[in-house]
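Asker:
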Amino acid sequence: MTDKFRVYELAKEMLVDSKVIIRIISQLGEPVKNHMSTMSPETREKVMAILTGKAKVEDFLERPAAKPQVSPKERPAEGQRPRQEQKPPAKRPEPERQTRQQAFRAQPKKKITLSGPIRVADLSQLMGVPAVEIIKRLMLLGVMASINQDIEPDVAQMVASDMGFEVEQVITEPELIPEEQETEEPPEQMKPRPPVVTVMGHVDHGKTSLLDAIRHANVTASEAGGITQHIGAYTVRVGDKQIVFIDTPGHEAFTAMRARGAQVTDVAVLVVAADDGVMPQTVEAINHAKAAGVPIVVAINKIDKPGANPERVKQQLTEYGLVPEEWGGDVIAVPVSARTKAGLDQLLEMILLVAEMEELKANPNRPAKGTVIEAELDKGRGPVATVVIRTGTLKVGDAVVVGQTWGKVRALLDDAGRRIKKVGPSMPAEVVGLEAVPEAGDLLVVVEDEKKARAISLKRQEKHREELVRVTKRATLEDLFAEDADVRELNLVIKGDVQGSVEALRGSIAKLSGDEVKVSIIHSGVGAITESDVMLAAASDAIILGFNVRPDPNARRAAEAERVDIRTYRVIYEAIDDIKAALTGMLKPKYKETVIGRAEVRQIFRLPKGQVAAGCYVTEGKVTRNASIRLIRDGVIVHEGRIESLRRFKDDVREVQAGFECGMSLEKFMDVREGDHLEAFILEEVPRNAASGAAASKR
């Protein structure tokens with residue numbers, strides 16, 4: 073049996089918080105850092121005696137020396153405060169050679185008006201003073217700025233005053249900027265809040281399956297290819313406490329999303345497969361968690377598999393600075409199995425233990441601030457954002473600013489899809505009522521009213537347009553100077569079903585540029601591929617990439633007329649792999665998809681045993697019995713599969729031509745609705761050659 077005991081183990085045994093044990097050990101004058109610290113058997117006995125009331129802290133401390141006797145003259149009278157020893161007055165710091173007020177005192181000669189941050193060149197022109205003189209004054213203030221850099225309005229005001237100008241007005245428009253900085257909250261208003269936990273790790277190491285086992289649900293089966301495509305936030309109750317989990321996708325394409333998740337989290341759970349060990353994405357996850365400064369709890373998953381070796385995983389983790397507690401470190405590593413549910417209770421207990429030491433608190437009695445985890449455009453509800461509240465309480469009816477957009481909260485839904493009236497700190501919710509789809513990672517801030525929210529949004533949009541124009545012009549000039557005839561450019565237009573997927577594609581594809589081929593993303597957005605996307609691609613000689621979306625009829629016709637290449641994907645890394653292959657001239661598709669016909673659902677028939685048949689009208693080409701079928705609703709792919717039956721009246725048929733009606737049922741899919749569009753396609757195997765890849769690279 074070990075002769076060392078950890079703080080949290082004794083706290084668990086004595087049914088008290090670890091903080092109580094830490095406080096007692098500190099009072100005993102012995103070293104202690106956190107709940108993972110160890111203590112000697114003697115210290116353990118002392119703490120247990122104090123906790124059980126058998127002893128006091130003073131009993132284990134050395135008796136202080138007797139105080140010197142105080143003469144009656146020196147002893148204060150009853151009811152009179154003792155005399156304090158007179159301290160010499162503190163020396164006032166010597167004045168600086170030249171205070172700021174002296175440095176900038178000057179007789180006003182001319183009035184100028186400053187409006188927000190201003191470029192050094194513009195300030196020079198406004199004052200009629202050489203830019204070099206302004207830069208010198210800035211250096212005296214400790215501000216290093218070039219002629220084309222912006223300086224803050226208060227700094228510009230100091231410079232102008234110092235050079236003999238009277239600043240008539242400084243318009244910083246504080247009423248248009250919500251309080252986004254972290255402010256000091258009154259201690260009495262701070263209340264404990266649930267921990268926000270990010271689950272991270274390598275692809276296919278079982279992150280989503282682990283969450284499924286914890287919250288007794290199943291989302292893995294609904295994810296294309298078994299890989300999580302979007303970020304979700306889920307609430308799990310453990311006894312009388314709650315834990316909010318953020319499930320981040322594990323593929324390298326989602327590195328930016330994973331980093332964003334770490335920035336809003338309190339504890340990071342690193343999932344490592346016991347049979348696979350530490351992988352590249354595992355290392356990325358470790359780096360993101362360390363950069364965010366959050367504690368890490370390691371879940372060694374798949375311990376039930378034959379090749380599982382948890383000890384090897386622990387050894388690998390030490391190479392990246394994660395030393396398990398049993399090896400003398402401070403990182404908790406819990407062996408678990410998502411399949412058998414072994415170790416899950418201990419994992420949740422360790423998460424709550426680590427969160428307890430962080431003393432997580434927030435003020436619920438203030439306007440809410442939160443972070444957008446995911447955002448999408450929903451047909452029936454409009455723009456919808458999944459938000460984790462950081463502080464305050466968000467209520468239905470609140471006016472909010474989210475990044476560049478704004479809105480009034482029309483509805484709030486919890487992680488189970490139930491309507492709620494308000495949501496407090498650390499809790500996730502879907503927010504309905506925004507004017508546009510925000511960016512994932514945007515900050516949500518509650519403001520006084522809709523008028524102010526709209527004004528802030530318009531101001532930010534205007535600023536964004538100005539920055540975009542400035543950056544675009546600068547990039548164009550640089551390209552003219554650095555033009556290389558040997559460099560080919562691949563232009564792309566990216567459309568996706570949600571903002572997170574678009575961001576992931578942009579980030580991953582931007583890294584694929586090489587010495588000979590440059591990738592340029594000329595446009596990206598959320599929603600179906602439209603005719604305007606096609607016309608932009610045609611004008612720019614670009615390829616359109618669609619992730620989980622399809623072109624609408626007008627876009628399809630325009631693409632055929634303009635010969636624009638539209639490529640659609642349902643698993644994101646396939647898109648990245650294709651672009652990578654195209655850039656290297658090695659795109660070798662195994663199959664070619666050929667759309668042979670399209671149909672429109674005009675009526676729904678309910679059949680016995682819960683089956684559904686769709687009355688369809690074939691609008692283009694033909695639909696054949698052996699073709700694959702794709703169901704599209706509002707430009708978004710809802711289902712892909714096989715045709716179960718194809719009928720004309722009561723007869724089974726092998727194909728139905730354009731202009732005819734038919735009845736159709738789909739394999740393992742019942743949610744067919746009137747107005748849905750069906751796309752029949754076949755996959756044709758084509759010979760592999762490098763010509764197609766080279767052609768793709770030359771586009």
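Residues in the sequence shown are numbered consecutively from 73, following my numbering. Positions of the beta carbon are idealized from the N, C-alpha and C atoms, including for glycine. Quick caveat, the model's predicted, so the values are computed rather than measured.
#1: If we require 3 or more residues per run, which beta strand (DSSP E) segments fall completely within the segment 644-702?
#2: Are at least three pairs of beta-carbons, each pair with one atom in the segment 388-396 and one in the segment 309-316, less than 8 Å apart?
#3: Just to check my reading of the structure: Thr691 and Ala730 have Cβ atoms closer than 8 Å, yes? What is that Cβ distance to the nearest angstrom?
#4: From Gly400 to Lys535, what does the alpha carbon distance come to, in whole angstroms?
#5: Once you ignore the five residues that flank Leu198 on each side, which residues in its own chain have a CB closer than 7 Å to its CB?
#6: What is the rounded straight-line gap between the Cα of Val92 and the Cα of Leu82?
#7: With a cut-off of 8 Å on the beta carbons, I'd call Gly707 and Ala600 a contact; round off their distance for me.
#8: If we ignore side chains and look at the alpha-carbon of each, how far apart do Glu431 and Arg628 end up?
#9: Classify Asp743 as helix, strand or coil using the three-state DSSP reduction.
#10: For Val598 versus Ile616, is the C-beta spacing smaller than 9 Å?
#11: List the residues that DSSP assigns as beta-bridge partners of Met272.
#12: In the DSSP assignment, the alpha helix (DSSP H) including Lys279 goes from what residue to what residue?
#13: Can you tell me the Cα-Cα spacing of Lys652 and Leu584, whole angstroms?
#14: Please state the DSSP three-state secondary structure of Tyr306.
#15: Who are the near neighbours of Lys494 in its chain, counting only those whose CB is closer than 8 Å to its CB and skipping five residues on each side?
#16: Nearest by alpha-carbon distance to Ile581: which of Glu502, Val710 and Ile566 is it?
#17: Leaving aside the five residues before and after Ala380 along the sequence, list all residues of the same chain whose C-beta is less than 7 Å from its C-beta, in chain order.
#18: Taking the alpha-carbon positions, what's the Leu87 to Leu283 distance?
#19: Using the DSSP secondary-structure output, state which residues sit across from His749 in a beta bridge.
#20: Kindly indicate which three-state DSSP category Glu383 falls into: helix, strand or coil?
#21: Are the beta-carbon atoms belonging to Pro267 and Val339 less than 9 Å from one another?
#22: Apart from the five residues on each side of it in sequence, which residues of its chain come closer than 8 Å, Cβ to Cβ, to Gln221?
#23: Classify Phe237 as helix, strand or coil using the three-state DSSP reduction.
#24: Suppose only complete runs of 4+ residues qualify. What are the alpha helix (DSSP H) ranges in the segment 388-439, listed by chain order?
#25: Nearest-angstrom Cα distance between Arg705 and Pro510?
#26: Which residues does DSSP pair with Val474 in a beta bridge?
#27: If the criterion is Cβ atoms closer than 9 Å, does the pair Val504 and Ala440 meet it?
#28: Would you please state the rounded distance, in angstroms, between the beta carbons of Ala686 and Ala752? I believe it to be under 8 Å.
#29: How about Val695 and Ile715: do their beta carbons lie closer than 9 Å?
#30: Can you tell me whether Ala627 is helix, strand or coil according to DSSP?
#31: How many angstroms separate the CA atom of Arg384 from the CA atom of Phe77?
#32: Do you know how far the Cα of Pro680 is from the Cα of Pro39?
#33: Between Val459 and Leu506, which are expected to be in contact by the criterion C-beta below 8 Å, what is the C-beta distance as a whole number of angstroms?
#34: Rounded to the nearest angstrom, how far is the Cβ of Asp743 from that of Val673, given a contact under 8 Å?
#35: Please report the distance separating the alpha-carbon of Ala361 from that of Gly489.
#36: I'd like the list of long-range same chain contacts for Arg670, defined as Cβ closer than 6 Å, with 5 residues on each side in sequence excluded.
Answerer: By the coordinates alone:
#1: 663-678 and 684-696
#2: no
#3: On the sequence shown, residue 691 is found 619 positions in, with the first residue counted as 1. On the sequence shown, residue 730 is found 658 positions in, with the first residue counted as 1. That pair is a contact at about 6 Å.
#4: The count along the sequence shown starts at 1 and reaches residue 400 at position 328. The count along the sequence shown starts at 1 and reaches residue 535 at position 463. Approximately 52 Å between the Cα atoms of the pair.
#5: Here residue 198 refers to the residue found at position 126 when the sequence shown is read from its first residue. These residues qualify, in order along the chain: Ile184.
#6: Residue mapping note: residue 92 aligns to position 20 of the sequence shown, counting from 1. Residue mapping note: residue 82 aligns to position 10 of the sequence shown, counting from 1. Going from the Cα of Val92 to the Cα of Leu82 covers about 11 Å.
#7: Mapped onto the sequence shown, residue 707 falls at position 635. Mapped onto the sequence shown, residue 600 falls at position 528. That pair is a contact at about 2 Å.
#8: Residue 431 sits at position 359 when you count from the first residue of the sequence shown. Residue 628 sits at position 556 when you count from the first residue of the sequence shown. One C-alpha to the other measures close to 56 Å.
#9: Translated into positions along the sequence shown, residue 743 becomes position 671. Looking at Asp743 - three-state DSSP - the assignment turns out to be coil, as it is neither helix nor strand.
#10: The residue you call residue 598 lines up with position 526 of the sequence shown. The residue you call residue 616 lines up with position 544 of the sequence shown. It is not a contact, given that the beta carbons lie outside the stated cut-off.
#11: Locating residue 272 in the sequence shown gives position 200, where the first residue counts as 1. In DSSP, Met272 forms a bridge with Leu342.
#12: The sequence position of residue 279 within the sequence shown is 207, counting from 1. It spans Lys279 to Arg287 - the alpha helix (DSSP H) in which Lys279 sits, taken as one unbroken run.
#13: As a working mapping, residue 652 is identified with position 580 in the sequence shown. As a working mapping, residue 584 is identified with position 512 in the sequence shown. For Lys652 and Leu584, the distance between alpha carbons rounds to 7 Å.
#14: Within the sequence shown, the letter at position 234 stands for residue 306. DSSP places Tyr306 in strand when its eight states are reduced to three.
#15: Counted from its first residue, the sequence shown places residue 494 at position 422. Counting only Cβ-Cβ distances below 8 Å, and skipping sequence neighbours, we find Thr465, Leu466, Lys467, Val468 and Leu484.
#16: For this step, residue 581 is matched to residue 509 along the sequence shown. Closest option to Ile581, Cα to Cα, is Ile566.
#17: Here residue 380 refers to the residue found at position 308 of the sequence shown. Excluding positions up to five away in sequence, the list reads Ala346, Asp347 and Lys374.
#18: Locating residue 87 in the sequence shown gives position 15, counting from the first residue. Locating residue 283 in the sequence shown gives position 211, counting from the first residue. Their backbone Cα atoms lie some 28 Å apart in a straight line.
#19: Here the question's residue 749 lines up with position 677 in the sequence shown. The partner list for His749 (beta bridge, DSSP) reads Glu672 and Ile704.
#20: Counting from 1 along the sequence shown, the entry for residue 383 is found at position 311. If DSSP states are grouped into helix, strand and coil, Glu383 belongs with the helices.
#21: Within the sequence shown, the letter at position 195 stands for residue 267. Within the sequence shown, the letter at position 267 stands for residue 339. Result yes, Cβ atoms of Pro267 and Val339 sit closer than 9 Å.
#22: To locate residue 221, count along the sequence shown from 1; it is residue 149. For Gln221, where only same-chain residues beyond five positions count, the Cβ hits under 8 Å are Arg191 and Val192.
#23: Counting from one through the sequence shown, the residue named residue 237 turns up at place 165. Strand at Phe237.
#24: 416-430
#25: Reading the sequence shown from its first residue, position 633 is the one you call residue 705. Reading the sequence shown from its first residue, position 438 is the one you call residue 510. For Arg705 and Pro510, the distance between alpha carbons rounds to 23 Å.
#26: What you label residue 474 is simply residue 402 of the sequence shown in a count that begins at 1. Partner(s): Thr477 and Leu516.
#27: Reading the sequence shown from its first residue, position 432 is the one you call residue 504. Reading the sequence shown from its first residue, position 368 is the one you call residue 440. No. Outside cutoff.
#28: Numbered from 1 along the sequence shown, position 614 holds the residue referred to as residue 686. Numbered from 1 along the sequence shown, position 680 holds the residue referred to as residue 752. Not confirmed; about 13 Å, so no contact.
#29: Locating residue 695 in the sequence shown gives position 623, where the first residue counts as 1. Locating residue 715 in the sequence shown gives position 643, where the first residue counts as 1. Yes, the Cβ-Cβ distance between Val695 and Ile715 is below 9 Å.
#30: Translated into the one-based positions of the sequence shown, residue 627 becomes position 555. In this structure, Ala627 counts as helix in the three-state DSSP scheme.
#31: Here residue 384 refers to the residue found at position 312 of the sequence shown. Here residue 77 refers to the residue found at position 5 of the sequence shown. In a straight line, the C-alpha of Arg384 is about 25 Å away from that of Phe77.
#32: Any question about residue 39 goes unanswered here, given that the chain covers just 73 to 771.
#33: In the sequence shown, the residue the question calls residue 459 occupies position 387. In the sequence shown, the residue the question calls residue 506 occupies position 434. Not really, about 10 Å apart at Cβ, beyond 8 Å.
#34: Locating residue 743 in the sequence shown gives position 671, counting from the first residue. Locating residue 673 in the sequence shown gives position 601, counting from the first residue. Contact flag wrong, Cβ pair sits at about 11 Å.
#35: The count along the sequence shown starts at 1 and reaches residue 361 at position 289. The count along the sequence shown starts at 1 and reaches residue 489 at position 417. Their Cα atoms are separated by approximately 29 Å.
#36: Taking the sequence shown and counting its residues from 1, the one referred to as residue 670 is at position 598. Once the five neighbours on either side are set aside, the close Cβ partners of Arg670 are Thr691, Glu692 and Glu751.
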